[in-house]
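**Student:**
2 protein chains.
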Amino acid sequence: MAPKNPLLVDCDTGIDDALALLYLLGDPDLDLRAVTSVFGNTSAEAAAMNTLRVLELAGRPDVPVAVGADSSTRGTARFAPHVHGADGLGDTTLPAPAGAPSATPAAELIVRLAREHPGRLDLLALGPLTNLAAALRLDPELPRRVRQVTIMGGAIHHPGNVTPAAEANIDNDPESARLVLRAGWDVTLVPLDVTMTELLTERHRHRLAACGTPAARFAAGILRHYLDFYESTVFSRRVAACHDPLAAAIAAGDVSPVLAPAVAVDVDTGDGPGRGMTIADTRGQYRGFPAQDAAPVCVVLRTDGTFPDRLVERLSGATAASHDVA
Amino acid sequence: MAPKNPLLVDCDTGIDDALALLYLLGDPDLDLRAVTSVFGNTSAEAAAMNTLRVLELAGRPDVPVAVGADSSTRGTARFAPHVHGADGLGDTTLPAPAGAPSATPAAELIVRLAREHPGRLDLLALGPLTNLAAALRLDPELPRRVRQVTIMGGAIHHPGNVTPAAEANIDNDPESARLVLRAGWDVTLVPLDVTMTELLTERHRHRLAACGTPAARFAAGILRHYLDFYESTVFSRRVAACHDPLAAAIAAGDVSPVLAPAVAVDVDTGDGPGRGMTIADTRGQYRGFPAQDAAPVCVVLRTDGTFPDRLVERLSGATAASHDVA
Chain A
1 MAPKNPLLVD CDTGIDDALA LLYLLGDPDL DLRAVTSVFG NTSAEAAAMN
51 TLRVLELAGR PDVPVAVGAD SSTRGTARFA PHVHGADGLG DTTLPAPAGA
101 PSATPAAELI VRLAREHPGR LDLLALGPLT NLAAALRLDP ELPRRVRQVT
151 IMGGAIHHPG NVTPAAEANI DNDPESARLV LRAGWDVTLV PLDVTMTELL
201 TERHRHRLAA CGTPAARFAA GILRHYLDFY ESTVFSRRVA ACHDPLAAAI
251 AAGDVSPVLA PAVAVDVDTG DGPGRGMTIA DTRGQYRGFP AQDAAPVCVV
301 LRTDGTFPDR LVERLSGATA ASHDVA
Chain B
1001 MAPKNPLLVD CDTGIDDALA LLYLLGDPDL DLRAVTSVFG NTSAEAAAMN
1051 TLRVLELAGR PDVPVAVGAD SSTRGTARFA PHVHGADGLG DTTLPAPAGA
1101 PSATPAAELI VRLAREHPGR LDLLALGPLT NLAAALRLDP ELPRRVRQVT
1151 IMGGAIHHPG NVTPAAEANI DNDPESARLV LRAGWDVTLV PLDVTMTELL
1201 TERHRHRLAA CGTPAARFAA GILRHYLDFY ESTVFSRRVA ACHDPLAAAI
1251 AAGDVSPVLA PAVAVDVDTG DGPGRGMTIA DTRGQYRGFP AQDAAPVCVV
1301 LRTDGTFPDR LVERLSGATA ASHDVA
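Residue numbers (this note's numbering), protein chains in the order written: chain A, 1 to 326; chain B, 1001 to 1326.
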């Protein structure tokens, strides 16, 4: 099996970011080169510390962590302690990490890694797109240097989660999102249309809790908080969305979308009721999505719903990640 | 059976407007009091003449027709001859009507009828909402005088049809649509989510063509043009949307939606990529759409797909409309 491409994850860790990192680190073939942090679920500083905690828990203290933007292009920042806990990790009060963030700012690290791996670096963005936009401004050639970008964000034929139309990652910095989605690189967008239909359950939490490893027990602990939020506020039943882990699995090539047309995507950066909305041109849906002129984004509109089982299998160590070796 | 409430139809006739009028006039219990015309599929003047043609074809030259707004609140107007033909009726070149439009402007007629039938008048809007907005400005008490308003327009969890996000009726005058949707009356919105899934087919056209009546033969003729447009431009197969007839059937109480939550609806009146978009707050979809504080609009999100058969039955005269008399 060929080694995977080097990967940089940009995230606002966050319960589902933590699950995504644990998922990725469960694959021994995955080449995680760095994690950059951004405001969103929590502050950029707290997200970096949480990332270090998760990396150390997974036995990967060697992965560098860089702190990124602490507010949007407009200077706004809104965190989500009601979703992710005051500490961003479901109030699980993990001890302080042994390591510390890198001195290199996130955007600079993105640009540097892209130059070190020309045409090979994969980016996975799990928070607001402020760092990626900053990297694009630092290096306008970045879209030609990077192999692919996978973004958890947006809502296409689906309600938003912070306004009727907008998803949180995009809404936190619509101007950066618009820049990133229209930069002309190979972008895959993983919106609420799929992350709200791949559902984690109480059964999944039990399975993780029953597992002996510290990582699985930690995952069960943060998932409890996540299920509490989703049950009380969103679903009225004990299930939770699978936002960032699903995007991670798609970035890693582990999940093949059932439907993911390449379509033009714009972001509403006005100040009306649609601010932060991702507007994908899906009008071709009746005729197999014919090719469009504008720089397309691959928008994942349907997956098969089986990912949460695979996520929990991976986190339980029940399957080797590369068990398909001939 | 109690007589139905008096009904005023506001439309931009238009192939599917014509089908909707023929459908309504096929019900002997329906109390159609007036039709007002508005720009949209064609000019307001042409829409009025087409309406007179359809009324005369259906043997109802007594129904008054009033001409309404020929452009939006902003003074813009864009017609759709590529969809509805140069004459608005699929280039079927029906002769000029015997009658003429009323001298009363559309908005004034709406206000007058609402006052003549306090609490009883139903409004069915099948075009841009410019006339209804004008009527609201003439009489701010109108929402209390009218029984219910049914509107064909918008796109909720569905692509638009004139932009990636916007449906034509709303996009033709977003400012008026916003005013009408938020006026606090009993409004039902029938968006593309359902009108693009209730599909007319070549089989329906054959059935109409085989029928002896002038109205059915006319319906078959305009449907041919409509199928041509939808096949070549939208579906790549010989089916057509059922926009206005479906809204008419819902207004008349003939079709009961499968899913039609009462939710807040806003319209994007900015100049960004979402202009003309209807933004419904459907975030409660996971928990049975709990009641919302804002003045809600009943948004039809799902119907059972059987309406086109019933439309064609009605237009073929195959069933009496009130065959359920005990």
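Cβ atoms here follow ideal geometry from the backbone N, Cα and C, with glycine treated the same way.
These numbers come from a predicted model, not from an experiment.
(1) Please tell me whether L1132/B and S1176/B are closer than 9 Å, where the distance is taken between their beta carbons.
(2) Can you pull the chain B neighbours of I279/A, defined as C-beta to C-beta under 7 Å?
(3) Please confirm whether Q285/A has its beta-carbon closer than 9 Å to some beta-carbon of chain E.
(4) Quick one: give me the first and last residue of the alpha helix (DSSP H) that A1168/B is part of.
(5) With DSSP as the reference, label A216/A as helix, strand or coil.
(6) Along the region 1203-1217 of chain B, what residues have a CB closer than 7 Å to any CB found in chain A?
(7) Is the beta carbon of G1154/B closer than 9 Å to that of G1040/B?
(8) Which residues mark the beginning and the end of the beta strand (DSSP E) in which S1037/B is found?
(9) Under 9 Å between C-beta atoms, does A1320/B make it to chain A?
(10) When you compare the region 167-187 of chain A with the region 137-153 of chain A, are there three or more beta-carbon pairs, one atom per stretch, that lie closer than 8 Å?
(11) For a test of the three-state rule: what should DSSP assign to H1294/B, helix, strand or coil?
(12) Against chain B, does V194/A count as a neighbour if the rule is that its beta carbon must be under 9 Å from one of theirs?
(13) Within the chosen definition, does the region 104-124 of chain A reach the region 256-274 of chain A through at least 3 CB pairs nearer than 8 Å?
(14) So within the region 102-135 of chain A, which uninterrupted alpha helix (DSSP H) runs reach at least 4 residues, ignoring any that extend past its ends?
(15) To which residues of the same chain is A320/A closer than 6 Å at the C-beta, ignoring the five residues directly before and after it?
(16) Short check: CB of A1294/B to CB of D1281/B, under 9 Å?
(17) Using only alpha-carbon positions, find the residue among G1085/B, A1107/B, T1013/B that is nearest to L1138/B.
(18) Do three or more CB pairs link the region 1114-1126 of chain B to the region 1048-1059 of chain B at distances below 8 Å?
(19) Express the C-alpha separation of V1162/B and Y230/A in angstroms, rounding to a whole number.
(20) Can you say whether R1203/B is buried or exposed, counting buried as having 16 or more other CB atoms within 10 angstroms of its CB?
(21) Using alpha carbons as the reference points, say which of A20/A, G59/A, D70/A lies closest to V38/A.
(22) Determine the closest residue to G99/A out of A66/A, T201/A, A80/A, with distance taken between C-alpha atoms.
(23) Let me know the secondary structure DSSP gives M196/A once reduced to three states.
(24) Rounded to the nearest angstrom, what separates D271/A and P118/A at their Cα positions?
(25) So what does DSSP say about I156/A, is it helix, strand or coil?
(26) Are the Cβ atoms of D62/A and L129/A separated by less than 9 Å?
(27) Rounded to whole angstroms, what is the Cα-Cα separation between P95/A and G317/A?
(28) Give the DSSP bridge partners of R1302/B, in chain order.
(29) Let me check understanding here. Comparing Cα to Cα, which of L311/A, G160/A, D228/A, D244/A lies closest to R238/A?
(30) Cα separation between A209/A and A134/A?
(31) Measure the alpha-carbon distance for R327/A versus A262/A and round it to whole angstroms.
(32) Who are the near neighbours of G276/A in its chain, counting only those whose CB is closer than 6 Å to its CB and skipping five residues on each side?
(33) So if I threshold CB-CB distances at 7 Å, which residues from the region 1224-1246 of chain B count as touching chain A?
(34) Taking DSSP as the reference, what is the three-state secondary structure of D1254/B?
(35) Report yes or no: is there a C-beta of chain A within less than 9 Å of the C-beta of D1324/B?
(36) Taking only runs of the beta strand (DSSP E) that begin and end inside the region 1046-1074 of chain B, which ones reach a length of at least 3 residues, in chain order?
**Tutor:** Once the coordinates are examined:
(1) Locating residue 1132/B in the second sequence gives position 132, where the first residue counts as 1. Locating residue 1176/B in the second sequence gives position 176, where the first residue counts as 1. Their beta carbons are under 9 Å apart, which means L1132/B touches S1176/B by this criterion.
(2) Working through the first sequence from its first residue, we reach residue 279/A at position 279. Against chain B, the beta carbon of I279/A has neighbours under 7 Å at P1164, A1165, P1273, G1274, listed in chain order.
(3) No chain E appears in the structure shown, which is made up of the protein chains A and B.
(4) Locating residue 1168/B in the second sequence gives position 168, counting from the first residue. Here the alpha helix (DSSP H) through A1168/B covers 1168-1171.
(5) Counting from one through the first sequence, the residue named residue 216/A turns up at place 216. A216/A: helix per DSSP, three-state reduction.
(6) Listed by position along the chain: nothing, the set is empty.
(7) As a working note, residue 1040/B is residue 40 in the second sequence. As a working note, residue 1154/B is residue 154 in the second sequence. A distance of 9 Å or more separates the beta carbons of G1040/B and G1154/B.
(8) Counting from one through the second sequence, the residue named residue 1037/B turns up at place 37. Start and end: 1031-1037.
(9) The sequence position of residue 1320/B within the second sequence is 320, counting from 1. Low per-residue confidence applies at A1320/B: pLDDT is 41, beneath 50, and the placement is therefore not dependable enough to give any value.
(10) A contact exists between the region 167-187 of chain A and the region 137-153 of chain A.
(11) Within the second sequence, the letter at position 294 stands for residue 1294/B. Per the sequence shown, the amino acid found at residue 1294/B is Ala instead of His. In the displayed model, A1294/B falls within coil according to three-state DSSP, outside both helix and strand.
(12) In the first sequence, residue 194/A corresponds to position 194, counting from 1. By this cut-off, V194/A is not an interface position.
(13) Contact fails: fewer than three Cβ-Cβ distances are below 8 Å.
(14) The qualifying runs are 106-116.
(15) Sequence index remark: in the first sequence, residue 320/A carries index 320 (1-based). Its pLDDT being 42, under 50, A320/A is placed unreliably in this model, and the value from its coordinates should be taken loosely. There are no such residues.
(16) Reading the second sequence from its first residue, position 294 is the one you call residue 1294/B. Reading the second sequence from its first residue, position 281 is the one you call residue 1281/B. Contact: yes.
(17) Position 138 of the second sequence, counted from the start, is the residue given in the question as residue 1138/B. Across the set G1085/B, A1107/B, T1013/B, the C-alpha of A1107/B shows the shortest separation from the C-alpha of L1138/B.
(18) Taking 8 Å as the limit for Cβ pairs, the verdict is that the region 1048-1059 of chain B does not touch the region 1114-1126 of chain B.
(19) Taking the first residue of the first sequence as 1, we reach residue 230/A at position 230. Taking the first residue of the second sequence as 1, we reach residue 1162/B at position 162. Each residue's alpha carbon lies about 36 Å from the other.
(20) For this step, residue 1203/B is matched to residue 203 along the second sequence. Label assigned to R1203/B: exposed.
(21) In the first sequence, the residue the question calls residue 38/A occupies position 38. For the residues A20/A, G59/A, D70/A, the minimum Cα distance to V38/A belongs to D70/A.
(22) Here residue 99/A is taken as the residue at index 99 of the first sequence, counted from 1. Taking each of A66/A, T201/A, A80/A in turn and checking the Cα distance to G99/A, the smallest one comes out for A66/A.
(23) One-based indexing of the first sequence puts residue 196/A at position 196. In the structure shown, M196/A sits in coil (DSSP, three-state: anything other than H, G, I, E or B).
(24) Numbered from 1 along the first sequence, position 271 holds the residue referred to as residue 271/A. Numbered from 1 along the first sequence, position 118 holds the residue referred to as residue 118/A. Between D271/A and P118/A, the C-alpha separation is close to 38 Å.
(25) For the purposes of this step, residue 156/A is taken as residue 156 along the first sequence, with counting starting at 1. DSSP places I156/A outside both helix and strand once states are collapsed to three, so it counts as coil.
(26) Within the first sequence, numbered from 1, the residue matching residue 62/A stands at position 62. Within the first sequence, numbered from 1, the residue matching residue 129/A stands at position 129. Annotated as distal: D62/A and L129/A, with beta-carbon spacing of 9 Å or more.
(27) Here residue 95/A corresponds to residue number 95 of the first sequence, with the count starting at 1. Here residue 317/A corresponds to residue number 317 of the first sequence, with the count starting at 1. If I take the Cα positions, the gap works out to 23 Å.
(28) Residue mapping note: residue 1302/B aligns to position 302 of the second sequence, counting from 1. BP columns for R1302/B point to L1259/B.
(29) Position 238 of the first sequence, counting from 1, holds the residue named residue 238/A. The shortest C-alpha separation from R238/A is found at D228/A.
(30) Translated into the one-based positions of the first sequence, residue 209/A becomes position 209. Translated into the one-based positions of the first sequence, residue 134/A becomes position 134. Straight-line Cα distance between these residues: approximately 39 Å.
(31) Any question about residue 327/A goes unanswered here, given that chain A covers just 1 to 326.
(32) The sequence position of residue 276/A within the first sequence is 276, counting from 1. Excluding positions up to five away in sequence, the list reads A166, I170, D171, P174.
(33) Interface annotation for the region 1224-1246 of chain B against chain A: V1234, F1235, S1236, criterion Cβ-Cβ distance under 7 Å.
(34) Start at 1 with the first residue of the second sequence, and residue 1254/B comes out as number 254. DSSP, read as helix, strand or coil, puts D1254/B in coil.
(35) Here residue 1324/B corresponds to residue number 324 of the second sequence, with the count starting at 1. Caution applies to D1324/B, whose pLDDT of 39 falls short of 50 and renders its modelled position unreliable; the value that the coordinates give is listed next. It does not: the Cβ of D1324/B has no partner Cβ on chain A nearer than 9 Å.
(36) 1065-1067, all fully within the region 1046-1074 of chain B.
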